[in-house]
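Student: Below are the C-alpha cells for one structure; questions will follow.
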Ligand code: SAH
Ligand code: SF4
C-alpha cells in the first residue's frame, strides 16, 4: 500500500510541476513515506531524518533550499512529536490527505512547518489525478479499499488509516481500463482488508469483490488479477468460487492467519478460529487445486504459551505454505495488546520466530523445488540481473529469471523451470515460444 501511495504522490506532484530526482542530493523536496506497523519500521524514520538534516543544512550553506516532508502512518500517529523532535521538517501529512499535497506545500511555504493528519470527509480518490497516464510497466497496483474496522488487539491500522472504505466499482473499472491501456497486464487490487470490499455498483446495488473480479476480467489486455491482503473472515463462498471460474485470477492467495491457537486468535480479536481457516483453505483448494497459499504470523502475542506456539507450528505443517511473512509481536502505542500484562520476554519471542521461520523457509524451498522441470506461463515484467536477462513472475508470484529478448517485455511466455533458489526460479524459454515469436 505504501508503494502504491508513493506512486500516487508522484502523480499529484507531477500535476503540480514536479518530476522525479535521480538522488536525494539533486532533490528540491524529499518525502519519507513511513510505516507504523511495527516499532522497528517507525524507528527508521528518525535515523533517516538525521541524515537528511545534514543534507538540508549543507544545501542551505550553498544558498540552496531543500524541503523535507514526512508522510504515511508514522506521520499520522506521531505528527506533533515528529515536528518536536525534528523541527527542520517542513511538512507532515497522513495517508488520507496526500491529494492536498500542492496546497500543503504552499501552506508550509507561507506559514512554516505544517501538519495535516485529518481524516477528511472527502475521499482522496475523488481528488487524485489519473493514475500514471503514460509509461507504466506490465504490473500495477490499484487500491480499491482502505482502512479497517476490525481492530485486532495488536494492530495500528484502524487508528492510522481510519475507517474501512470501499471505492465504487465504476471508479475501479475506469482506473483498471486506463492502466491496461497504458500497458498493465497484471493488476493487484489493494486494501487492508481487500476481500471485505463492498463497493457501489453501476447498477445501483452493492457489489462484492467476486463481482468486481468478474468485471475486471473482461477488460481487454488485462491478463492477470490478484488481490491482497485478505482476512479469513471475509473469504466468502462466492469469492472462493470466483477462483474456480476466472482464469485470470492467479492461483496464489495471501491469507494471513497470524496464529494456529484458538486461544491466541481470541486474544487477538481475529473473529475466526483455526477450524474456520482450515475450512477456507480446503474450499479454496477444491475450487482451484493448484492454489498456493501465503500468510502472516505473529509470534509472542501477549499471553501466547509454548503450547499455543506449538499449535502455530502444527497449523503450518498441516496447511503447507508457498511463502509467508512472520514477525515478533511488537507493542504498538494505543492498541489493547500493548497494555496487556502477559507480555512475552524478548528471548522467547526470538526463539519462537527462529523456529517458525526455519519451518516456513523449508516449505518455501520445497514449493519452489517442485517447480523444477515444469512449464509455467511467466509474465515478463522488467530487465533481469544480468545483461540479456529478463525478470518475470510465475502464476504463484515467484520471481523468475531467464534469457529473453526485451521485445517480449509485457507478454506471457511459457518457460521451462531449470532451477529453484530460495526466493526465485531460473528458467529457459520453450523452443515453441521462439518459433511463435
Ligand atoms: N489486514 C491484514 C494485515 C495488515 S498488517 C490482516 O488482517 O491480515 C500486516 C501484518 O503485519 C499483519 O498481518 C501482522 O502479521 C503484522 N503485524 C501487524 N501488527 C503487528 C504488531 N503489532 N507486531 C507484529 N506484527 C504485526
Ligand atoms: Fe490490522 Fe488486519 Fe486486524 Fe485490520 S484486520 S486490525 S489491518 S491486522
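Residue numbers (our numbering): 2 to 438. Backbone N, C-alpha and C define an ideal beta-carbon position, used for all residues, glycine too. Because the structure is a prediction, the values reported are computed rather than measured.
#1: Could you tell me the boundaries of the beta strand (DSSP E) in which residue 390 lies?
#2: Tell whether a beta-carbon distance below 8 Å holds between residue 235 and residue 197.
#3: Would you check if the distance between the CB atom of residue 96 and the CB atom of residue 12 is smaller than 8 Å?
#4: Smallest Cα separation from residue 204: which of 180, 225, 187, 171?
#5: On the DSSP letters alone, give me the boundaries of the beta strand (DSSP E) that residue 383 sits inside.
#6: Going by DSSP, what residues sit across from residue 291 in a beta bridge?
#7: Is it buried or exposed for residue 346, if we count other Cβ within 10 angstroms and need 16 for buried?
#8: Is residue 54 near the ligand SAH - that is, is its Cβ less than 7 Å away from at least one heavy atom of it?
#9: Taking C-alpha atoms, which residue in 227, 221, 338, 15 lies nearest to residue 1?
#10: Who pairs with residue 100 in a beta bridge, going by DSSP?
#11: According to the Cβ coordinates, are residue 185 and residue 139 closer than 8 Å?
#12: Return yes when at least one heavy atom of the ligand SF4 lies under 7 Å from the C-beta of residue 329, else no.
#13: Tell me whether residue 237 counts as near the ligand SAH, meaning its Cβ is closer than 7 Å to at least one heavy atom of that ligand.
#14: Please state whether DSSP places residue 368 in a helix, a strand or coil.
#15: What I want to know is whether the C-beta of residue 298 ends up closer than 7 Å to one or more non-hydrogen atoms of the ligand SF4.
#16: With a CB to CB cut of under 6 Å and the five nearest residues on each side skipped, what residues in its chain are close to residue 30?
#17: Among 39, 314, 98, which one has its Cα closest to the Cα of residue 123?
#18: Can you look up residue 132 in the DSSP assignment and give me helix, strand or coil?
#19: For residue 112, write down the residues that DSSP places opposite it in a beta bridge.
#20: Determine whether the beta carbon atoms of residue 395 and residue 426 lie at a separation below 8 Å.
#21: Less than 8 Å separating the beta-carbons of residue 143 and residue 177?
#22: Which of the three DSSP states, helix, strand or coil, is assigned to residue 91?
#23: Does the region 229 to 244 come into contact with the region 274 to 284, if we say contact requires no fewer than three beta-carbon pairs (one atom in each stretch) closer than 8 Å?
#24: Can you give the beta carbon distance from residue 105 to residue 115, rounded, assuming they're within the 8 Å contact cut?
#25: May I have the straight-line CA-CA distance separating residue 300 from residue 311, to the nearest angstrom?
#26: Taking 7 Å as the cut-off, is the C-beta of residue 227 nearer than that to any heavy atom in the ligand SAH?
#27: Taking residue 191 as part of the alpha helix (DSSP H), name the residues at either end of that continuous run.
#28: Using a Cβ-based criterion (distance less than 7 Å to any ligand heavy atom), does residue 302 qualify as near the ligand SF4?
#29: DSSP puts residue 168 in a beta bridge; with which residues?
#30: What does the Cβ neighbour count give for residue 229, buried or exposed, with the cut at 16 atoms within 10 Å?
#31: Out of 298, 321, 334, which one is the CA nearest neighbour of residue 232?
#32: Tell me the residue span of the alpha helix (DSSP H) that contains residue 3.
#33: What residue from 328, 28, 112, 187 has the CA that sits closest to residue 65's CA?
#34: According to DSSP, simplified to helix, strand and coil, what is residue 299?
#35: Just list the residues that DSSP pairs residue 208 with in beta bridges.
#36: If you compare alpha carbons, which of 218, 152, 276 is closest to residue 187?
Tutor: This is what the structure holds:
#1: First-last of the beta strand (DSSP E) with residue 390: 390 to 394.
#2: Yes, they are a contact pair.
#3: No.
#4: Closest by alpha carbon: 171.
#5: Where residue 383 is concerned, the enclosing beta strand (DSSP E) stretches over 376 to 384.
#6: Answer by DSSP bridge pairing: none, since residue 291 is not bridged.
#7: Residue 346 is exposed by the Cβ-count criterion.
#8: Flag unset: Cβ of residue 54 not near the ligand SAH.
#9: Beyond the ends of the chain as shown, which are 2 and 438, falls residue 1; an answer cannot be given.
#10: Note: residue 100 is not bridge-paired with any residue in the DSSP secondary-structure output.
#11: Yes, Cβ-Cβ distance for residue 185 and residue 139 is below 8 Å.
#12: It does not: the Cβ of residue 329 is nowhere closer than 7 Å to a heavy atom of the ligand SF4.
#13: No, the Cβ of residue 237 stays beyond 7 Å of every heavy atom of the ligand SAH.
#14: Shown here, residue 368 sits in a helix according to DSSP, grouped into three states.
#15: It does not: the Cβ of residue 298 is nowhere closer than 7 Å to a heavy atom of the ligand SF4.
#16: Excluding sequence positions up to five before and after residue 30, its CB lies within less than 6 Å of the CB of 68, all in the same chain and listed in chain order.
#17: Ranking 39, 314, 98 by CA distance to the CA of residue 123 puts 98 first.
#18: Coil, per DSSP.
#19: Beta-bridge analysis with DSSP links residue 112 to no other residue.
#20: In this structure, residue 426 lies closer than 8 Å to residue 395 by Cβ.
#21: Inclusion of residue 143 and residue 177 in the CB contact set at 8 Å is warranted, their separation being smaller than that value.
#22: Reduced to three states, the DSSP call for residue 91 is coil.
#23: Verdict: yes, contact present.
#24: Here residue 105 really is in contact with residue 115; their C-beta atoms are around 6 Å apart, less than 8 Å.
#25: Cα-Cα distance, rounded: 11 Å.
#26: Answer for residue 227: no, Cβ out of range of the ligand SAH.
#27: Bounds of any alpha helix (DSSP H) do not take in residue 191; it lies within the beta strand (DSSP E) bounded by 187 to 191.
#28: Taking the Cβ of residue 302 as the reference point, every heavy atom of the ligand SF4 lies at 7 Å or farther away.
#29: Under the DSSP definition of a beta bridge, residue 168 lacks any partner.
#30: Buried: at least 16 other Cβ atoms inside 10 Å.
#31: Among 298, 321, 334, the Cα nearest to that of residue 232 is on 298.
#32: In the DSSP assignment, residue 3 falls within the unbroken alpha helix (DSSP H) covering 3 to 16.
#33: With distances taken between CA atoms, residue 65 lies nearest to 28 out of 328, 28, 112, 187.
#34: If DSSP states are grouped into helix, strand and coil, residue 299 belongs with the strands.
#35: Looking at the DSSP output, residue 208 shares a beta bridge with 200.
#36: In terms of Cα proximity to residue 187, the closest of 218, 152, 276 is 218.
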